[in-house]
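Residue numbers (our numbering), protein chains in the order written: chain P, 1 to 128; chain R, 1001 to 1113.
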């Protein structure tokens, strides 16, 4: 590349007719009406509520169906449980009833002569 | 008496009820009439348990793969059967085609004797 140094100097100048005016004023976006925003929010909320309630009702219906199916196996479980219960050793084999706890009266009758006690013991033992 | 899990029972509930429906109703009626005494309804308990045992044995003998698939599906879906309708229907179809008629003949014989 060669540069021709013999060319004449040319000054940069604005285009003919001048530049466009600069947009230096305040730039604001196109305004949406408040009523429109309000209506849009209401629409979104109502759609969401509708979907939510629909899903909730469907879930409840599903739960009910599940419970209906579960009730069908309850008699089976009940019957097996009854049989297992009757087969187990649930009955009380002792045939006893509750009694008040006996008081430990050892030494309560120390004034009684020991010979009497021995006599009574012997007498008591003799019967058996 | 073999113990069957809840998943197995709930999956094959259609097959069981297709045969043992009258037994179940008789058992429930006895329970309503006689309260919660297991001794009073022992006859019906034995019949319900026996019918269920027979059918479950039949299913585990003839429709083992279908049963396993359905049980796996139910256990994976938090014991919910609504998502496993396809598997349960397949199991019921297998039971109907393979064992239902045989069982019905067997039960008719039992009623005759």
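Glycine included, C-beta positions come from ideal geometry on N, C-alpha and C. Predicted model, so just to flag it, every value in this text is computed and none were measured.
Does the structure place the region 1023-1040 of chain R close enough to the region 76-88 of chain P that three or more beta carbon pairs sit under 8 Å?
Segments in contact, yes.
Close-in-space but distant-in-sequence residues of the same chain around residue 1067 of chain R (CB under 8 Å, 5 per side omitted):
For the purposes of this step, residue 1067 of chain R is taken as residue 67 along the second chain, with counting starting at 1. Excluding residues within five positions, the ones whose Cβ falls inside 8 Å are 1008, 1011, 1012, 1059, 1060 and 1091.
Interface residues of chain R facing residue 86 of chain P [CB-CB closer than 7 Å]
In the first chain, the residue the question calls residue 86 of chain P occupies position 86. The answer, in chain order, is 1038, 1039 and 1042.
Do the region 1065-1082 of chain R and the region 1018-1029 of chain R touch if we need at least three Cβ pairs shorter than 8 Å?
At 8 Å Cβ cutoff, the stretches do not touch.
Going by C-alpha distance, which of R/1019, R/1046 and R/1082 is nearest residue 1108 of chain R?
Numbered from its first residue, the second chain carries residue 1108 of chain R at position 108. Closest by alpha carbon: R/1019.
Can you give the Cα-Cα distance for residue 82 of chain P and residue 1043 of chain R, rounded to whole angstroms?
For this step, residue 82 of chain P is matched to residue 82 along the first chain. For this step, residue 1043 of chain R is matched to residue 43 along the second chain. Roughly 11 Å between the two C-alpha positions.
Quick one: residues in its chain with C-beta nearer than 8 Å to the C-beta of residue 128 of chain P, no 5 flanking neighbours on either side, listed in chain order?
Residue 128 of chain P sits at position 128 when you count from the first residue of the first chain. Confidence in residue 128 of chain P is poor, its pLDDT being 48 and thus under 50, which makes the residue's placement too unreliable to answer from.
DSSP on residue 9 of chain P, reduced to helix/strand/coil?
By 1-based counting over the first chain, the position of residue 9 of chain P is 9. Three-state result, residue 9 of chain P: coil.
Assuming residue 1100 of chain R is part of the alpha helix (DSSP H), what are its boundary residues?
Counting from one through the second chain, the residue named residue 1100 of chain R turns up at place 100. No alpha helix (DSSP H) holds residue 1100 of chain R; DSSP gives it neither H nor E.
Check the Cβ-Cβ distances between residue 26 of chain P and every residue of chain R, and say whether any is below 8 Å.
Along the first chain, read from residue 1 onward, the residue named residue 26 of chain P stands at position 26. No, its Cβ sits nowhere closer than 8 Å to a Cβ of chain R.
Residue 1079 of chain R versus residue 1088 of chain R - alpha carbon distance:
Taking the second chain and counting its residues from 1, the one referred to as residue 1079 of chain R is at position 79. Taking the second chain and counting its residues from 1, the one referred to as residue 1088 of chain R is at position 88. Note on geometry: alpha-carbon atoms of residue 1079 of chain R and residue 1088 of chain R lie some 13 Å from one another.
Among residues of its own chain, excluding the 5 on either side of residue 1053 of chain R, which ones have a beta-carbon nearer than 8 Å to its beta-carbon?
As a position in the second chain, residue 1053 of chain R is number 53, starting the count at 1. Around residue 1053 of chain R: 1001 and 1002.
What does residue 1048 of chain R reach in chain P if we use C-beta pairs closer than 7 Å?
By one-based count along the second chain, residue 1048 of chain R stands at place 48. Result: 75, 76 and 79.
Going along chain P in order, which residues have a C-beta closer than 9 Å to the C-beta of residue 1080 of chain R?
Mapped onto the second chain, residue 1080 of chain R falls at position 80. Neighbours of residue 1080 of chain R on chain P, chain order: 62 and 66.
Measure the C-alpha to C-alpha separation of residue 116 of chain P and residue 1036 of chain R and round it to an integer number of angstroms.
Within the first chain, residue 116 of chain P is the residue found at index 116, counting from 1. Within the second chain, residue 1036 of chain R is the residue found at index 36, counting from 1. In a straight line, the C-alpha of residue 116 of chain P is about 59 Å away from that of residue 1036 of chain R.
Taking beta-carbon pairs under 8 Å, can you tell me which members of the region 1004-1028 of chain R lie near chain P?
Per Cβ criterion, the list reads 1006, 1009, 1010, 1013, 1016, 1017, 1024, 1027 and 1028.
Note down, in chain order, every chain R residue with its Cβ under 8 Å from the Cβ of residue 70 of chain P.
Here residue 70 of chain P refers to the residue found at position 70 of the first chain. Simply 1010.
Assign residue 1081 of chain R to buried or exposed, taking buried as 16 or more other Cβ atoms, counted over all protein chains shown, within 10 Å of its Cβ.
Residue numbering aside, residue 1081 of chain R sits at position 81 when the second chain is read from its first letter. So residue 1081 of chain R ends up on the buried side.
Could you tell me the alpha carbon to alpha carbon distance between residue 1111 of chain R and residue 1021 of chain R, rounded to whole angstroms?
In the second chain, the residue the question calls residue 1111 of chain R occupies position 111. In the second chain, the residue the question calls residue 1021 of chain R occupies position 21. Taking C-alpha positions only, residue 1111 of chain R is separated from residue 1021 of chain R by approximately 15 Å.
Using a C-beta to C-beta distance shorter than 9 Å, which residues of chain R count as neighbours of residue 59 of chain P?
As a first step, residue 59 of chain P must be located in the first chain, where it is residue number 59. Those do not exist, as residue 59 of chain P stays about 11 Å from chain R at its closest Cβ, beyond 9 Å.
So that I know if they touch, is there some Cβ in chain P lying closer than 8 Å to that of residue 1062 of chain R?
Position 62 of the second chain holds residue 1062 of chain R. With 8 Å as the cut-off, residue 1062 of chain R does not count as an interface residue toward chain P.
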